[in-house]
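Report on one structure; see the data block that follows.
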Amino acid sequence: MMLATQLILTMAAAGPAASPVDRVTVFSDRAEVTRVLRGTCKGESQGFTFNGLPTSLDARTLRGEATGRAVVEGLTSRVVPVEENTDDRRVALARELDKLGDDMKAIQAEIANLNERQATANGYGSMFRGLMQEQMRDPRPDEKGWRRALGFFASEDLSSREGMVKKNIEARTLGRRMEQLQRELSALGGVQATSQYEVTVAVRCAGENSATVRLSYVVPGATWHPEYDLRFLPASKSGVGKGQAVLTVSAVVQQATGEDWEDVEVLLSTAKPRLGAEAPYPAPLWITGYDAGKAKVMVQGTEDRASVAPSGGAAANQGPRSADLDDGGKSFTLKLPHRATVRADGRPYWMPVDETKGAATARRIAIPKASGYVFRAVKLDNPAAYPLMAGKLHTFRGDAYVGATALEYTAPGAPMEVSLGIDESFRVERSVMHEMNREPKLFEGRRRFERHYRIRVFNQTNAKGTVEVRENIPVSKDEHIQVSMDKKVTTRGVMVDEHRGFVTFEVPVAQDKSAAVDLAYTISLPEDWAVR
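Written out as structure tokens, the structure reads:
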């Protein structure tokens, strides 16, 4: 940071003019704030003083610049005391918290008195019971006195216990309220009335009569994450086929930096300052091994590769948590189309960023191995001119809200497939027709595992329709294991992705009818292999 202390001390400051926040660039875990101060430039040099900056800022990031021919020669900063808190919200919360703290101390004192009262009564009760044992030897003991004394001690014990239960309930209720107020106060940045940053920027006027000076700095406690709305508008009444997709890109911004951003220009960056601060260096890589034995084992595993997943759901805390922005390794910046206000209260602020449209096609899709429902899914290419980061995607059929699902990182123009929920007019059933594990025949030397499944699609409407049925078959990762499809049994017209093992059937179904397809395949492996 450049310092011009001697120069600034000899100059007249620009006065206590307001230096509002003009622009904010929000990252995943911090924000770069830019303030603007406009004033006259007298003489050769002038000092412009920015007041009221939060103490949470990183002083190492303070930077200044001036417009026109004016040149920034340096800046200096200091922490100055503040007489009173200008934020009424913090003051009100702090006062209520102090009052509740006094009430809590009074309740705790009463609980301590009740504990002492109970302990005293129990102590006298124990002593009296010892005296009773001695008086029992008297031929005429005072039984009425015993009853009165025992009743008094029991009454004292019960009264103390009831009082402690009541006061403990009051203390817990008061404690929950204090925790709530503390969270609200923390979200506002706490009571920061004791000190603030004051920064003075030294500007060489260079003949300018006035100058606009910008001061930027970085503060923690800010974050953002993307959200999307996808609305499919079908061209036909059936809800499937060609149509138009309307994609709304929005952002949810949270900040608890200690200063409000009022009517500011907001930029959203996917850059990760922490990752770019220091170049990586490889660590030592060691390789070792051990004798695993001679036995060979076939292991069957399942990977969840369903491209259409059921809709999922989404959580006020002490402050915004850093977001994990998946930008595909390519950082970029989005700018809000309008100025916005974000208070330093930690609450999420939803803001629309952009809206784009593109051609799309909806179709019915079934994955009977995972679900008996038939889903509608829309296929389109990313219509935005920028990547879509991973985030929550809200889907709509026309004006009807369907639900929320997770969107993975999608490059510009890359294909997308998004679920539009269940199509209740269709359903599927999957039946096991044949499962047989055959031992090797004479001189064959291979074991065989035969599988045969039948998928039936039901159309419960008065119009014909087509359902895309998606299945999968095992994919061998070892040359000794062979997977082959039984083409005699499997329904013709099947499309197979041999690399991933995906199998797709196009199943046309007449109105109020059903149609079935068959899938059969065989796994073979050497007879000396075990199966796990």
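Using our numbering, read the sequence shown as starting at 869 and increasing by one per residue. Note that CB positions come from ideal geometry on N, CA and C, so glycine has one too. The structure displayed is predicted, hence computed values, not measured ones.
| Check | Outcome |
| --- | --- |
| Thr935 in three-state terms, based on DSSP | coil |
| Coil, strand or helix - Asp1128 by DSSP | coil |
| Rounded straight-line distance, which links the Cα of Lys1105 to that of Val1377 | 18 angstroms |
| Proximity of Arg1324 and Glu1292 at Cβ, strictly below 8 angstroms | no |
| Residues that DSSP places opposite Pro1283 in a beta bridge | Asp1249 |
| Bridge partners - Trp1397, DSSP secondary structure assignment | Note: Trp1397 sits in no beta bridge, so no partner. |
| Classification of Arg1231 by the beta-carbon crowding that lies within 10 angstroms, buried from 16 upward | buried |
| Of the residues Pro1205, Phe1200, Ile975, Gly1013, the one placed nearest Pro1280, counting alpha carbons only | Phe1200 |
| Of the listed residues Val1371, Gln1379, His1348, nearest to Asn1330 (C-alpha basis) | Gln1379 |
| Test item: CB-CB of Thr1224 and Pro1255 under 8 angstroms | no |
| Leu925: first and last residue of the uninterrupted alpha helix (DSSP H) it sits in | Here Leu925 belongs to no alpha helix (DSSP H), and DSSP marks it neither H nor E. |
| Three-pair Cβ contact test at 8 angstroms for the region 1341-1348 versus the region 1367-1377 | yes |
| In DSSP terms, what Arg1319 is bridged to | Glu1303, Tyr1389 |
| Close beta carbons around Arg1322, own chain, < 7 angstroms, minus the five adjacent residues each side | Ser1299, Met1301, Ala1384, Asp1386 |
| Whole-angstrom C-beta distance between Asp956 and Glu1133, which should lie under 8 angstroms | At roughly 27 angstroms, the Cβ-Cβ gap does not stay under 8 angstroms, so Glu1133 and Asp956 are not in contact. |
| Start-to-end residues for the beta strand (DSSP E) that takes in Lys967 | Note, Lys967: premise wrong, no beta strand (DSSP E); alpha helix (DSSP H) at 956-1003. |
| Residue environment, Ile1391, which counts as buried when at least 16 other CB atoms sit within 10 Å | buried |
| Straight-line gap, Leu1135 to His1093 (C-alpha atoms, nearest Å) | 12 angstroms |
| Inter-residue CB distance, Ala1113 and Val948 (contact presumed, cutoff 8 angstroms) | Rounded, the Cβ-Cβ distance is 54 angstroms, inconsistent with contact. |
| DSSP three-state assignment for Val1033, whether helix, strand or coil | helix |
| Buried/exposed call for Glu1052, threshold 16 Cβ in 10 Å | buried |
| Buried or exposed (CB count within 10 angstroms, at least 16 for buried), Ile1037 | exposed |
| Three CB pairs or more closer than 8 angstroms across the region 1082-1099 and the region 997-1006 | no |
| Contact under 8 angstroms by Cβ, Ser1028 with Gln986 | yes |
| Neighbour-count burial assignment, Arg1399, 16 or more Cβ in a 10 Å radius | The sequence shown places Val at residue 1399, rather than the Arg named in the question. By the 10 Å Cβ count, Val1399 comes out exposed. |
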